[in-house]
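Report on the structure given below.
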Amino acid sequence: EAGVAQSPRYKIIEKRQSVAFWCNPISGHATLYWYQQILGQGPKLLIQFQNNGVVDDSQLPKDRFSAERLKGVDSTLKIQPAKLEDSAVYLCASSFIANTGELFFGEGSRLTVL
Amino acid sequence: QQPVQSPQAVILREGEDAVINCSSSKALYSVHWYRQKHGEAPVFLMILLKGGEQKGHDKISASFNEKKQQSSLYLTASQLSYSGTYFCGTSINDYKLSFGAGTTVTVRA
Numbered sequence: 015e016a017g018v019a020q021s022p023r024y025k026i027i028e029k030r031q032s033v034a035f036w037c038n039p040i041s042g043h044a045t046l047y048w049y050q051q052i053l054g055q056g057p058k059l060l061i062q063f064q065n066n067g068v069v070d071d072s073q074l075p076k077d078r079f080s081a082e083r084l085k086g087v088d089s090t091l092k093i094q095p096a097k098l099e100d101s102a103v104y105l106c107a108s109s110f111i112a113n114t115g116e117l118f119f120g121e122g123s124r125l126t127v128l
Numbered sequence: 008q009q010p011v012q013s014p015q016a017v018i019l020r021e022g023e024d025a026v027i028n029c030s031s032s033k034a035l036y037s038v039h040w041y042r043q044k045h046g047e048a049p050v051f052l053m054i055l056l057k058g059g060e061q062k063g064h065d066k067i068s069a070s071f072n073e074k075k076q077q078s079s080l081y082l083t084a085s086q087l088s089y090s091g092t093y094f095c096g097t098s099i100n101d102y103k104l105s106f107g108a109g110t111t112v113t114v115r116a
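Below, the structure is given as structure tokens:
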């Protein structure tokens, strides 16, 4: 069974530039999560989708971050404009059952903002 | 609401035991435990649902005390492969899983 796919694995940009990350969850998983993990910290939930609807985005900085999950399958997370403090690993995860089911994480996209 | 984990770090010799605690200020619906090795994605260990159950995964087990709103992860007879950062994730309802800051475990030969 294919795992959660993310791209790109690494991205280096200047502050104020934009960046987009892509995630393809495991087939059949209705719930998709985007987490931000700053070095030395635990993953912080940015947004959670159930199919193509948003369940929670209370910690998403909406003035610069946006995310969509068209057709309830793959998802894109965008940052525009990026700030230095956005440097982190962006983890995408999916689960078959929301929160009582195992989360399968992708390898992450490491963003460095200079 | 982010759960609180303790200790922040622990160093063990092979064969020693350790306990990692995870506590919440709110009533918990479920507790997840994950292990993350350096530069890799978190990997699922186990889930505990409210009801005070205890689960095991090889020599790693966990308990969930609903009344105290806390969970503990037990590493028994630790192996080198147990090294990594352990995260607990909690949900107070049926959605929004929040992770703690993590506990770094180093097992030495």
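Line by line, the protein sequences give chains B and R.
Take the first sequence: its position 45, counting from 1, is numbered 59 in this note's numbering, and each next residue is one higher.
Take the second sequence: its position 5, counting from 1, is numbered 12 in this note's numbering, and each next residue is one higher.
Glycine included, each C-beta is placed from N, C-alpha and C at the ideal position.
Whether residue i touches residue j by CB criterion (8 Å)
i: L52/R; j: S37/R; result: no
i: T92/R; j: K66/R; result: no
i: E73/R; j: L35/R; result: yes
i: V68/B; j: P39/B; result: no
i: V11/R; j: Y81/R; result: no
i: L87/R; j: E21/R; result: yes
i: S70/R; j: V114/R; result: no
i: A34/B; j: K97/B; result: no
CB contact below 8 Å: residue i versus chain B
i: G109/R; result: yes
i: L104/R; result: yes
Segment limits, beta strand (DSSP E) that includes residue i
i: Q62/B; result: K58 to Q64
i: L19/R; result: A16 to R20
i: S21/B; result: A19 to S21
i: S108/B; result: A102 to S109
Of the residues the options, the one placed nearest residue i, counting alpha carbons only
i: Y41/R; options: R115/R, A116/R and A108/R; result: A108/R
i: L59/B; options: D71/B, I93/B, G67/B and D100/B; result: D71/B
i: S78/R; options: L87/R, S68/R and S85/R; result: S68/R
i: G37/B; options: E82/B, K97/B, T126/B and I111/B; result: For the sequence presented, residue 37/B should be read as Cys rather than Gly. Nearest C-alpha to C37/B: E82/B.
i: P95/B; options: A107/B, P75/B and Q64/B; result: P75/B
i: I27/B; options: S101/B, G120/B and V87/B; result: S101/B
i: R23/B; options: S109/B, Y47/B and E121/B; result: E121/B
i: Q50/B; options: Y104/B, F118/B and S123/B; result: Y104/B
Short CB-CB distance (under 8 Å) between residue i and chain R
i: Q62/B; result: yes
i: F119/B; result: yes
i: P22/B; result: no
i: L59/B; result: yes
DSSP beta-bridge partners of residue i
i: V26/R; result: Y81/R
i: N100/R; result: Paired residues: none, contrary to the question.
i: E82/B; result: T90/B
i: S88/R; result: DSSP lists no partner for S88/R.
i: D70/B; result: Q62/B
i: H39/R; result: I54/R and G96/R
Near the ligand ATP: residue i beta-carbon under 7 Å from a heavy atom
i: T113/R; result: Although the ligand ATP was asked about, the structure shown includes no ligands whatsoever.
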